[in-house]
Structure formats: C-alpha cells, structure tokens
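121 is the number of the first residue of the sequence shown in our numbering; add one for each residue after it.
Data block below; observations after.
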Amino acid sequence: MGKQEINFDGLKYISIAIWLEVGYILINGMTGLFTLLQIAAMSEISQGALLFTTKVAPDIILLIFIANTILYIMGLNGLGKLNPYYKKAFKFYIGYLVFLVLSVITIFVVLVTAGEFIFLVFKTSGINNTAMNVLSWIVVFTMLAMQVAGNAINIIYMRNILFGTRRVVDVLGGQGLAYNLTITERIYRIAMIVTTVMEVVGVTGMTFVLKKYFLKIAGEGADVFVALYSALRGMQGFFFLLIVAYIIVFIIRTIFAIRLTQTYVDLSKHELNEEEVAVLLEDKQAVQEAFEA
Numbered sequence: 121m122g123k124q125e126i127n128f129d130g131l132k133y134i135s136i137a138i139w140l141e142v143g144y145i146l147i148n149g150m151t152g153l154f155t156l157l158q159i160a161a162m163s164e165i166s167q168g169a170l171l172f173t174t175k176v177a178p179d180i181i182l183l184i185f186i187a188n189t190i191l192y193i194m195g196l197n198g199l200g201k202l203n204p205y206y207k208k209a210f211k212f213y214i215g216y217l218v219f220l221v222l223s224v225i226t227i228f229v230v231l232v233t234a235g236e237f238i239f240l241v242f243k244t245s246g247i248n249n250t251a252m253n254v255l256s257w258i259v260v261f262t263m264l265a266m267q268v269a270g271n272a273i274n275i276i277y278m279r280n281i282l283f284g285t286r287r288v289v290d291v292l293g294g295q296g297l298a299y300n301l302t303i304t305e306r307i308y309r310i311a312m313i314v315t316t317v318m319e320v321v322g323v324t325g326m327t328f329v330l331k332k333y334f335l336k337i338a339g340e341g342a343d344v345f346v347a348l349y350s351a352l353r354g355m356q357g358f359f360f361l362l363i364v365a366y367i368i369v370f371i372i373r374t375i376f377a378i379r380l381t382q383t384y385v386d387l388s389k390h391e392l393n394e395e396e397v398a399v400l401l402e403d404k405q406a407v408q409e410a411f412e413a
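Set out below in structure tokens:
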C-alpha cells in the first residue's frame, strides 16, 4: 500500500451516513414525539393530527435506508485497507443488514400466525384469556429479542469504526482527536445499553397495561372509552421512558457524527509522509496479528 493509495474518503461516506440517520431521527422524532407527548399528557388529538404527526412517507424511509446502506458499504470497504478494525466493522454491518431482513420476515410470519390464531380462537371458543396472554407475550418478546440483538450488533460495528479511526489518528499524532474518539466510544456504548434497557422496560410495561384493559377495550358500549382512557393513563410513564430513550439515541448519534466529521476534516488536511505510511502499515499488521492470535 503506497502513499497514493491511502485516503480517508471512507470516513466522509460514513459521516454522511450517520448524519442521514440523525436527520431521520430528528424528522421522525419531531413528528412522532409530538404525538407521544400529547398521548402521555392525555391531551385532545384529532384523527388528522395523528395521521400528520406519526407518519413519514414509506418511500422516503426506503430512500434514506438505501442511501445509508450504500454509504456505509462504500466507506467501510474503502477504509478496510487502512486498518483491520474497519474490516471487522464491515463484516458486522453486513451481518446487521442480514439480521434486519430476517427480522422483517420473522415479524411478518409471527404477526400473520398470530392473526390467524386469534381468528380461530374467536371463532371456536370466543375470547380465550390464556391463549391471548401466551400469544401476546410471544409476539412482544420476539420483537424485544430482535431489538436487543439489533442494538448489540449496532454497538459492535459502530465501536469498531471508532477503534479503527482512533488507531489511524494515533499513528498520525492526533492525540487530542484520539482522546475525543475514546470518550465518544465509551459514551456511545453506555448510552446504547441504557436505551436498550429503557426500550425493553417501556414496551414490556405498555404490554402489561394493554393486557389488563384489552378485553374491555375490545368490548362494546361506554366502558370501551373508560378502559381506553385508563389504559392511556397507565401507559404514561412508559411513554415518557420511550421518549427519553429516543432523545438519548438522537443525542449520541449526533455526537458520533460530529466527532467522525471532525476527524475526517482534520485527516483530509494532513499530508502523509513516507514514515507515517510505514507506521500505518506496521500498525495494520500488528492489529491483524492480534485478531488472529
């Protein structure tokens, strides 16, 4: 690997990808968050307001996802020649994409199966409390398990991006940048673990509340509105917990994007000399040997 072959454009692509994620979280959050706050505060919401504040067009989501995926793949693939940590991040990111596809298929199968099961139960024996309880928990725990696993994979590949970047920065003498990246990695890891726990508690708590009032909500008459109101009141705390988790994710992603962008800008201005190229190669070999040991 010669001096001309080394560039840091991969960091630029990854930074753009993360900024796309931040933008999506902000737009989706400002719309969805408004609705969650209204529900949590038990304020009046019209159907029109719900439709407006809880939806981001599916085609926009798909375009963002495709662009995000392409940028990550281009960035990590290009950076792989600099340090094995980037190659490791690339492998886990591909694993993350495969996991997302399998998760969508699994959730679809579970929901379809659950729908058919509910239909058969209602048709043959009316509402069977035991069957409904078991089914609801199967669906909830399936989705929670996927959320936890997805977050775990996300933590791994994002940390490896930071590890690889820190090694490169260290070699080039950017101790200040390296320190900032180290702090960012720790904050990101802790924040993602905390938000994962908050999401599990929030969703589980909401499920308990819904189970408690489900039969009344599914019934008829004035009791339906009373039960719905009681359910929403009972879910207030869990709504706020999920809101806080969402805000934490937004903040930590923004910090991550800022640090990576700052690092790319500084590295792109740096003129590599032959000695630094040699040290980069030595460090790459050392990391590779450590992985293989």
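All C-beta atoms in this analysis are idealised placements derived from N, C-alpha and C, irrespective of residue type, glycine included.
**Nearest neighbour of phenylalanine 358, chosen from Leu330, Met263, Lys132, Gly296 [CA to CA]** = As a working mapping, residue 358 is identified with position 238 in the sequence shown. Phenylalanine 358 has its Cα closest to that of Leu330, out of Leu330, Met263, Lys132, Gly296.
**Prompt:** Using the rule of at least 16 other Cβ atoms within 10 Å of the residue's Cβ for burial, across every protein chain shown, is valine 369 buried or exposed?
**Reply:** Reading the sequence shown from its first residue, position 249 is the one you call residue 369. The residue in question, valine 369, is buried, as its Cβ has 16 or more Cβ neighbours within 10 Å.
**Message:** Quick test of the definition: if touching needs 3 or more C-beta pairs under 8 angstroms, does the stretch 261–281 touch the stretch 217–233?
**Reply:** yes
**Message:** On the DSSP letters alone, give me the boundaries of the alpha helix (DSSP H) that phenylalanine 411 sits inside.
**Reply:** Residue 411 sits at position 291 when you count from the first residue of the sequence shown. Phenylalanine 411 -> alpha helix (DSSP H) spans 394–412.
**Prompt:** Hey, would you say arginine 309 sits closer than 8 angstroms to glutamate 141, going by beta carbons?
**Reply:** Your numbering for residue 309 matches position 189 in the sequence shown. Your numbering for residue 141 matches position 21 in the sequence shown. Cβ distance not < 8 angstroms, so arginine 309 and glutamate 141 don't count as in contact.
**Request:** Would you identify the three-state DSSP class for lysine 201, choosing helix, strand or coil?
**Result:** Looking up residue 201 in the sequence shown gives position 81. Of the three classes helix, strand and coil, the one that applies to lysine 201 here is coil, per DSSP.
**aspartate 179 at chain D interface by Cβ criterion, 8 angstroms** = The structure shown contains no chain D; it is built from a single protein chain.
**Prompt:** Under a three-way DSSP split, which group does methionine 266 fall into?
**Reply:** Translated into the one-based positions of the sequence shown, residue 266 becomes position 146. Methionine 266: helix per DSSP, three-state reduction.
**Prompt:** So which of Ile363, Val364, Ala209, His390 has the shortest CA-CA distance to glycine 294?
**Reply:** Locating residue 294 in the sequence shown gives position 174, where the first residue counts as 1. If we check each option's Cα against that of glycine 294, His390 comes out closest.
**Prompt:** Got a sec, what are the start and stop residues for the alpha helix (DSSP H) glycine 357 sits in?
**Reply:** The residue you call residue 357 lines up with position 237 of the sequence shown. It spans 356–389 - the alpha helix (DSSP H) in which glycine 357 sits, taken as one unbroken run.
**Asked** If you count every other CB in all the chains shown that lies within 10 Å of the CB of glutamate 305, and 16 or more means buried, which is it?
**Response** Along the sequence shown, one-based indexing puts residue 305 at 185. The residue in question, glutamate 305, is buried, as its Cβ has 16 or more Cβ neighbours within 10 Å.
**Item:** tyrosine 216 vs tyrosine 277 beta-carbon contact at 8 angstroms
**Value:** Looking up residue 216 in the sequence shown gives position 96. Looking up residue 277 in the sequence shown gives position 157. In this structure, tyrosine 277 lies closer than 8 angstroms to tyrosine 216 by Cβ.
**Asked** Nearest CA to the CA of leucine 297: which residue from Glu402, Leu352, Val254, Thr381?
**Response** Position 177 of the sequence shown, counted from the start, is the residue given in the question as residue 297. Ranking the options by Cα distance to leucine 297, first place goes to Thr381.
**Prompt:** Buried or exposed: where does isoleucine 190 fall if 16 or more other Cβ atoms within 10 Å of its Cβ makes it buried?
**Reply:** Counting from one through the sequence shown, the residue named residue 190 turns up at place 70. With fewer than 16 Cβ atoms within 10 Å of its Cβ, isoleucine 190 is classed as exposed.
**Beta-carbon proximity check, alanine 187 vs leucine 196, cutoff 8 angstroms** = The count along the sequence shown starts at 1 and reaches residue 187 at position 67. The count along the sequence shown starts at 1 and reaches residue 196 at position 76. Not in contact: alanine 187 and leucine 196 (Cβ atoms no closer than 8 angstroms).
**Prompt:** Which class does leucine 273 belong to by DSSP, given the choice of helix, strand or coil?
**Reply:** Counted from its first residue, the sequence shown places residue 273 at position 153. According to the sequence shown, residue 273 is isoleucine rather than leucine. If DSSP states are grouped into helix, strand and coil, isoleucine 273 belongs with the helices.
**Request:** Could you check the C-alpha separation between arginine 379 and methionine 318 for me, to the nearest Å?
**Result:** Counted from its first residue, the sequence shown places residue 379 at position 259. Counted from its first residue, the sequence shown places residue 318 at position 198. The straight-line gap from Cα to Cα measures roughly 25 angstroms.
**Prompt:** Between the C-alpha atoms of methionine 355 and glycine 325, what's the straight-line distance to the nearest angstrom?
**Reply:** Along the sequence shown, one-based indexing puts residue 355 at 235. Along the sequence shown, one-based indexing puts residue 325 at 205. Taking the straight line joining both Cα atoms gives about 7 angstroms.
**8 angstroms CB neighbourhood of valine 291 in its chain, flanking five on each side removed** = Start at 1 with the first residue of the sequence shown, and residue 291 comes out as number 171. So the list reads Glu396, Val399, Leu400, Asp403, once near-sequence residues are dropped.
**Item:** leucine 348, buried or exposed, once every other Cβ within 10 Å from all chains shown has been counted against 16
**Value:** Here residue 348 refers to the residue found at position 228 when the sequence shown is read from its first residue. Answer is exposed; the Cβ neighbour count stays below 16.
**Asked** Would arginine 287 pass as a contact of threonine 302 if the rule is Cβ separation under 8 angstroms?
**Response** Counted from its first residue, the sequence shown places residue 287 at position 167. Counted from its first residue, the sequence shown places residue 302 at position 182. Their beta carbons are not under 8 angstroms apart, which means arginine 287 does not touch threonine 302 by this criterion.
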